[in-house]
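A.B. asks:
Number of protein chains: 2
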Amino acid sequence: MTETVTGFTVHDIRFPTSEQLDGSDAMNPDPDYSAAYVVLRTSAGGEGHGFCFTIGRGNEVMAAAIEALRPHVVGRPAPRTAADLAELSTALTHDSQLRWLGPEKGVMHMAAGAVINAAWDLAATGAGLPVWEFLAGMTPEELVSLVDFRHLTDALTPDEALALLRAAEPGRAERAARLRAGGYPAYTTSPGWLGYSDTKLVTLARQAVADGFRQIKLKVGADPDDDVRRLRLARAAVGDDIRIALDANQRWDVPEALRRLADFAPYAPHWIEEPTSPDDILGHAAVRAGQSVRVATGEHAANRVVFKQLLQAEAVDYVQIDAARVAGVGENLAILLLAAKFGVPVCPHAGGVGLCELVQHLAMFDYVAVSGSQEDRVIEYVDHLHEHFADPVVVTGGRYRAPTAPGFSARMLPASLAAHRYPDGSVWAARTGASGPRKENGS
Amino acid sequence: MTETVTGFTVHDIRFPTSEQLDGSDAMNPDPDYSAAYVVLRTSAGGEGHGFCFTIGRGNEVMAAAIEALRPHVVGRPAPRTAADLAELSTALTHDSQLRWLGPEKGVMHMAAGAVINAAWDLAATGAGLPVWEFLAGMTPEELVSLVDFRHLTDALTPDEALALLRAAEPGRAERAARLRAGGYPAYTTSPGWLGYSDTKLVTLARQAVADGFRQIKLKVGADPDDDVRRLRLARAAVGDDIRIALDANQRWDVPEALRRLADFAPYAPHWIEEPTSPDDILGHAAVRAGQSVRVATGEHAANRVVFKQLLQAEAVDYVQIDAARVAGVGENLAILLLAAKFGVPVCPHAGGVGLCELVQHLAMFDYVAVSGSQEDRVIEYVDHLHEHFADPVVVTGGRYRAPTAPGFSARMLPASLAAHRYPDGSVWAARTGASGPRKENGS
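Chains as they are written, first to last, in the UniProt record's numbering: chain C, 1 to 443; chain D, 1 to 443.
Structure, rendered in structure tokens:
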């Protein structure tokens, strides 16, 4: 009997992080880190977990969008192979009516990503491999079959992608061994949230260096004088050998970005992240061309077409993929291939809840099978909320250690799911007075 | 006592249009034209109606997104002035947590647009004016205050916008009079849906010319030979003096667009609409630069930042605003001002359900108070579903006639709302077997 997907359960999970100003930045002053979380179950007892990340309100809209994808999933043969996963991805992103709600952007696209990533968790778990190894064990042809090349072929054709993957094939085993032994470089954003005091900033920056990180990141984009003071304090705390990245979280227009970056120059920031609107390809290009700080962006880039243009326009020095904003593994593979084609390093966005857990797999796969390099590459690390995951990231000596457990490291602990369910989990019921019967949203 | 918003009711309204292949194109073969519809009510008995347009599945996700905006609206003083409307617009698009779900794109952004447009319907109705006149009666300063200039100032500053509006001020009364007398040119897409037979295409194309239209539009992007044959038949049917626009609905990559457009050249198409991804600014620019057919796009452009770049990159010959994709009147005003700054004509997208009703107001306001011209400008017209509206568009002699009833022409008839409510309205209950008590989603 064919194994089919029989279960599709959606959870609205929220953490009251705004109470500590963890994660506060100039655009997002009060985030409650949240996940619209989906669990697939198969007739043979298999499970796959996936989620999109949000910052609180509207997480119920994401949950509704995931729910809208149920008919494409339940009853389908359990996805196990590259072909299965490609087919599912196409079904979710090319639904002839749902596509109108993006197309390929925002709520509906992130929902597709959550379900696709859950299917990857299911398939890799079934194969007994962490997702990075599951991916790195696929042939170049299989990998190319996972990519939706629509609207990409002026920059990257399937043949070019195949050639890139074949060129990287001989060194795969050696790099995988190196990864298992030495991990992958991380940088930390934990010192730099806008809501933190100067003292906390300096203490955490020093601690980051002591912990082995070679790069930290500060949030900027609110008060200009505060930004410069915080950067000066951080530079004094960590010395000249540590990279300090800045993140403006989209706060500036192009002219202001150019003015503000000039003020930071004496303190030699490493990159400026999201200096302006994530949709503004030409704006990023103008910022990059108009001053000397390197430009990084991508956590809010809606899809592969936006990344394609950021590369075509020479708008970025670093491509920041996010595991949960685009349509899952397949679309991120497209972006990794585009970055490789244009020779731009990928430095993933992480943090939030579970984003570190997911994206480490993609960066490690990139190292093993696509770019073949860790040079000038780092994965963001934020030390929040990992305790809620069954297979949390391990970051020691400033490096992510390669996951060994099967799957996508995506699974939250059952007790964490139960306690943080909005609005009736114990964490929220205590805050909002919500109570009443536990409502199941799923089958 | 201050008049406040007390009611906020959301309806999931769908029309089974896929049964006739009305609206069928290469990307959207089977649309069920739908509206996620919101009604605001005030303590003084005022009403405002607004909606986003979708093509069926997922309309419930849009409804959930509108619902997420309720706390920003209910309890607020009833919006009556430019200042009130600007403040509401900011509250809806800058919610510090909901913004993450876009930002400013897709489901959450369209939901904001529906609520903002409902507020405009409320305010204009209260003022006893159709929206186009209500807008055209505002001072340049008031109009500028309605625009969110964030991420625009590298292309358009508030001072530049003010100068454009002041320059157009002297002719307002004369143009409004001309509009009331002569209307605004329309073109029709009714002949050109992909699902129609050649015979139906030719009959409807001839009928369009007989009805006074000087431009028709055909859908392309499916089978190449079919596209050329349909264009040839249409050209033969309408003669050389009628413009024939083509609409590829995003089906092509850049190289294919260039190849396909060469095949159409003998039949002199007027413009090619959405030749590729709506996110692909550089792709549109490459298509425009690489062949001779004019390029039009915008119905799926996510926000003002995308339009800004389409203009900066000289990617379009025509800007196609959509009344219900971006964040309502204020963001469309930003786009009209950008187009005026760059000297590119605005030819609105319409069709669907209610899009003609809404967007005519924006085009007429553009004529009276922004661009000051009808030259080389047309509003799309599709003859579907107008019978469900209380103040339907009037198109005679190939021209939209200026609405005179107060408001945004946005209100569906109560009987149409009741019959088309999904899944329990009579139209759907008969098809799906859904039944049971009428569920109210609102207050």
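Virtual Cβ for every residue (Gly too), placed ideally from N, Cα, C.
Note that this is a predicted model, so its numbers are computed, not measured.
#1: Under 7 Å between beta-carbons, which chain D residues line up against Ser277 of chain C? List them in chain order, please.
#2: Can you look up Ala112 of chain C in the DSSP assignment and give me helix, strand or coil?
#3: Return the CA-CA distance between Gly397 of chain D and Ile379 of chain D, expressed in angstroms with no decimal places.
#4: Using 9 Å as the limit for Cβ to Cβ distance, is Ala296 of chain C near chain D?
#5: Straight-line CA distance for Leu246 of chain C to Pro255 of chain C?
#6: Cα separation between residue 446 of chain D and Ser371 of chain D?
#7: Count the CB pairs spanning the region 53-65 of chain D and the region 95-104 of chain C that are closer than 8 Å, and state whether there are at least three.
#8: Among residues of its own chain, excluding the 5 on either side of His72 of chain C, which ones have a beta-carbon nearer than 6 Å to its beta-carbon?
#9: Quick one: is Arg232 of chain D buried, meaning 16 or more other Cβ sit within 10 Å of its Cβ, or exposed?
#10: Counting only beta-carbon atoms, is Arg229 of chain D nearer than 9 Å to chain C?
#11: In chain order, which continuous runs of the beta strand (DSSP E) of length 3 or greater are located wholly inside the region 291-322 of chain D?
#12: What is the rounded straight-line gap between the Cα of Cys347 of chain D and the Cα of Arg243 of chain D?
#13: With a 10 Å radius around its C-beta and 16 neighbouring C-beta atoms as the bar for buried, classify Thr297 of chain D as buried or exposed.
#14: To the nearest angstrom, how far is it from the Cα of Ala430 of chain C to the Cα of Asp32 of chain C?
#15: Out of C:Thr276, C:Val329, C:Leu362 and C:Met364, point me to the one whose CA is closest to His151 of chain D's CA.
#16: Please check the pair Phe408 of chain D and Leu358 of chain D, which I expect to be a contact at CB under 8 Å, by giving their CB distance rounded to whole angstroms.
#17: Does Ile272 of chain D have its Cβ less than 9 Å from a Cβ in chain C?
#18: Would you mind stating whether Ser190 of chain D and Asp383 of chain D have Cβ atoms separated by less than 9 Å?
#19: Sorted by chain position, which residues of the same chain lie with C-beta nearer than 6 Å to Val127 of chain C's C-beta, five sequence neighbours on each side aside?
#20: So, are the CB atoms of Pro269 of chain D and Val287 of chain D less than 9 Å apart?
#21: Return helix, strand or coil for Pro31 of chain D, following the three-state DSSP convention.
#22: Do you know offhand how far Val344 of chain D's Cα is from Glu314 of chain D's?
#23: Alpha carbon to alpha carbon, what distance is there between Leu40 of chain C and Val147 of chain D?
#24: Can you list, in chain order, the residues of its chain whose CB lies under 7 Å from that of Ala340 of chain D, leaving out five sequence neighbours each side?
#25: Could you check how far apart the C-beta atoms of Arg180 of chain D and Ala402 of chain D are, in whole angstroms? I think they sit under 8 Å.
#26: Using a Cβ-Cβ cut-off of less than 9 Å, give me the residues of the region 304-335 of chain D that come near chain C, in sequence order.
#27: From Ala282 of chain C to Ala327 of chain D, what does the alpha carbon distance come to, in whole angstroms?
#28: From Ala86 of chain D to Ser145 of chain D, what distance separates their C-alpha atoms?
#29: Name the DSSP beta bridge partners of Phe8 of chain D, please?
#30: Along the chain, where does the alpha helix (DSSP H) that runs through Gln360 of chain D open and close?
#31: Output needed in chain order: residues of the region 88-105 of chain D with a Cβ under 8 Å from some Cβ in chain C.
#32: By a C-beta neighbour count over all protein chains shown, 10 Å radius and 16 as the cutoff for buried, is Asp376 of chain D buried or exposed?
#33: How many Å lie between Gly106 of chain C and Glu331 of chain C at the Cα?
#34: Exposed or buried, what is Ser18 of chain D when buried is set at 16 or more other beta-carbons lying within 10 Å of its beta-carbon?
#35: Using 8 Å for Cβ pairs, my map puts Thr42 of chain D next to Thr9 of chain D. What's the rounded Cβ distance?
#36: Using a Cβ-Cβ distance under 9 Å, would Glu19 of chain C count as near chain D?
C.D. replies: Quick look at the numbers:
#1: Looking up residue 277 of chain C in the first sequence gives position 277. Result: His151 and Val305.
#2: Along the first sequence, read from residue 1 onward, the residue named residue 112 of chain C stands at position 112. Shown here, Ala112 of chain C sits in a helix according to DSSP, grouped into three states.
#3: Position 397 of the second sequence, counting from 1, holds the residue named residue 397 of chain D. Position 379 of the second sequence, counting from 1, holds the residue named residue 379 of chain D. Gly397 of chain D and Ile379 of chain D: Cα-Cα distance of roughly 14 Å.
#4: Here residue 296 of chain C refers to the residue found at position 296 of the first sequence. No - not a single Cβ of chain D is within 9 Å of the one on Ala296 of chain C.
#5: Numbered from 1 along the first sequence, position 246 holds the residue referred to as residue 246 of chain C. Numbered from 1 along the first sequence, position 255 holds the residue referred to as residue 255 of chain C. Distance between the alpha carbons of Leu246 of chain C and Pro255 of chain C: 17 Å.
#6: In the structure displayed, chain D extends from 1 to 443; residue 446 of chain D sits before or after that span and is not available.
#7: Between the region 53-65 of chain D and the region 95-104 of chain C, the count of C-beta pairs closer than 8 Å reaches three or more; the two stretches touch.
#8: To locate residue 72 of chain C, count along the first sequence from 1; it is residue 72. The beta carbon of His72 of chain C is closer than 6 Å to those of Ala91 and Leu92 in its chain, skipping five residues each way along the sequence.
#9: For the purposes of this step, residue 232 of chain D is taken as the residue at position 232 of the second sequence. Counting C-beta atoms within 10 angstroms of its own C-beta, Arg232 of chain D has fewer than 16 neighbours from the protein chains shown and is therefore classed as exposed.
#10: Your numbering for residue 229 of chain D matches position 229 in the second sequence. At a cut-off of 9 Å between beta carbons, Arg229 of chain D makes no contact with chain C.
#11: At a cut-off of 3 residues, the continuous stretches assigned as beta strand (DSSP E) that sit fully inside the region 291-322 of chain D are 294-297.
#12: The sequence position of residue 347 of chain D within the second sequence is 347, counting from 1. The sequence position of residue 243 of chain D within the second sequence is 243, counting from 1. In a straight line, the C-alpha of Cys347 of chain D is about 14 Å away from that of Arg243 of chain D.
#13: By one-based count along the second sequence, residue 297 of chain D stands at place 297. The residue in question, Thr297 of chain D, is buried, as its Cβ has 16 or more Cβ neighbours within 10 Å.
#14: By one-based count along the first sequence, residue 430 of chain C stands at place 430. By one-based count along the first sequence, residue 32 of chain C stands at place 32. If I take the Cα positions, the gap works out to 16 Å.
#15: Reading the second sequence from its first residue, position 151 is the one you call residue 151 of chain D. In terms of Cα proximity to His151 of chain D, the closest of C:Thr276, C:Val329, C:Leu362 and C:Met364 is C:Thr276.
#16: The sequence position of residue 408 of chain D within the second sequence is 408, counting from 1. The sequence position of residue 358 of chain D within the second sequence is 358, counting from 1. Right, their Cβ atoms sit about 6 Å apart.
#17: As a first step, residue 272 of chain D must be located in the second sequence, where it is residue number 272. Chain C places no beta carbon closer than 9 Å to that of Ile272 of chain D, leaving this residue out of the contacts.
#18: Position 190 of the second sequence, counted from the start, is the residue given in the question as residue 190 of chain D. Position 383 of the second sequence, counted from the start, is the residue given in the question as residue 383 of chain D. Against a cut-off of 9 Å, the Cβ pair of Asp383 of chain D and Ser190 of chain D comes out as a contact.
#19: Here residue 127 of chain C refers to the residue found at position 127 of the first sequence. Strictly speaking, residue 127 of chain C in this sequence is Ala, with Val absent from that position. Sequence-distant Cβ neighbours of Ala127 of chain C in its own chain, meaning closer than 6 Å and more than five residues away, are Phe134.
#20: Position 269 of the second sequence holds residue 269 of chain D. Position 287 of the second sequence holds residue 287 of chain D. In this structure, Pro269 of chain D lies away from Val287 of chain D, with their beta-carbon atoms at least 9 Å apart.
#21: Indexing the second sequence from 1 puts residue 31 of chain D at position 31. Note: Pro31 of chain D maps to coil in three-state DSSP.
#22: Taking the first residue of the second sequence as 1, we reach residue 344 of chain D at position 344. Taking the first residue of the second sequence as 1, we reach residue 314 of chain D at position 314. Their backbone Cα atoms lie some 10 Å apart in a straight line.
#23: Here residue 147 of chain D corresponds to residue number 147 of the second sequence, with the count starting at 1. Here residue 40 of chain C corresponds to residue number 40 of the first sequence, with the count starting at 1. Rounded to the nearest angstrom, the two C-alpha atoms are 44 Å apart.
#24: Looking up residue 340 of chain D in the second sequence gives position 340. Closer than 7 Å at the Cβ level, and outside the excluded window around Ala340 of chain D, lie Leu164, Val370 and Ser371.
#25: As a first step, residue 180 of chain D is located in the second sequence; it is residue number 180 there, counting from the start. As a first step, residue 402 of chain D is located in the second sequence; it is residue number 402 there, counting from the start. Indeed, because the Cβ distance is near 5 Å, the residues count as touching under 8 Å.
#26: Residues Val305, Val306, Lys308, Gln309, Gln312 and Ala313.
#27: Position 282 of the first sequence, counted from the start, is the residue given in the question as residue 282 of chain C. Position 327 of the second sequence, counted from the start, is the residue given in the question as residue 327 of chain D. Here residue 282 of chain C turns out to be Leu, not Ala, going by the sequence shown. As the crow flies, the alpha-carbon of Leu282 of chain C is around 22 Å from that of Ala327 of chain D.
#28: Counting from 1 along the second sequence, the entry for residue 86 of chain D is found at position 86. Counting from 1 along the second sequence, the entry for residue 145 of chain D is found at position 145. Approximately 7 Å between the Cα atoms of the pair.
#29: Residue mapping note: residue 8 of chain D aligns to position 8 of the second sequence, counting from 1. In the DSSP output, where bridge partners are listed per residue, Phe8 of chain D has D:Leu40.
#30: If you number the second sequence from 1, residue 360 of chain D lands on position 360. From DSSP, the alpha helix (DSSP H) with Gln360 of chain D extends over Leu355 to Phe365.
#31: For the region 88-105 of chain D, which is checked against every Cβ of chain C, the residues closer than 8 Å are Asp95, Ser96, Gln97, Leu98, Arg99, Trp100, Leu101, Gly102, Pro103, Glu104 and Lys105.
#32: Within the second sequence, the letter at position 376 stands for residue 376 of chain D. Label assigned to Asp376 of chain D: exposed.
#33: Taking the first residue of the first sequence as position 1, residue 106 of chain C is located at position 106. Taking the first residue of the first sequence as position 1, residue 331 of chain C is located at position 331. Taking the straight line joining both Cα atoms gives about 14 Å.
#34: To locate residue 18 of chain D, count along the second sequence from 1; it is residue 18. Label assigned to Ser18 of chain D: buried.
#35: Translated into the one-based positions of the second sequence, residue 42 of chain D becomes position 42. Translated into the one-based positions of the second sequence, residue 9 of chain D becomes position 9. Contact between Thr42 of chain D and Thr9 of chain D is ruled out by a C-beta separation of about 13 Å, above the 8 Å threshold.
#36: For the purposes of this step, residue 19 of chain C is taken as the residue at position 19 of the first sequence. For Glu19 of chain C, no CB of chain D lies under 9 Å from its own CB, so it is not counted at the interface with that chain.
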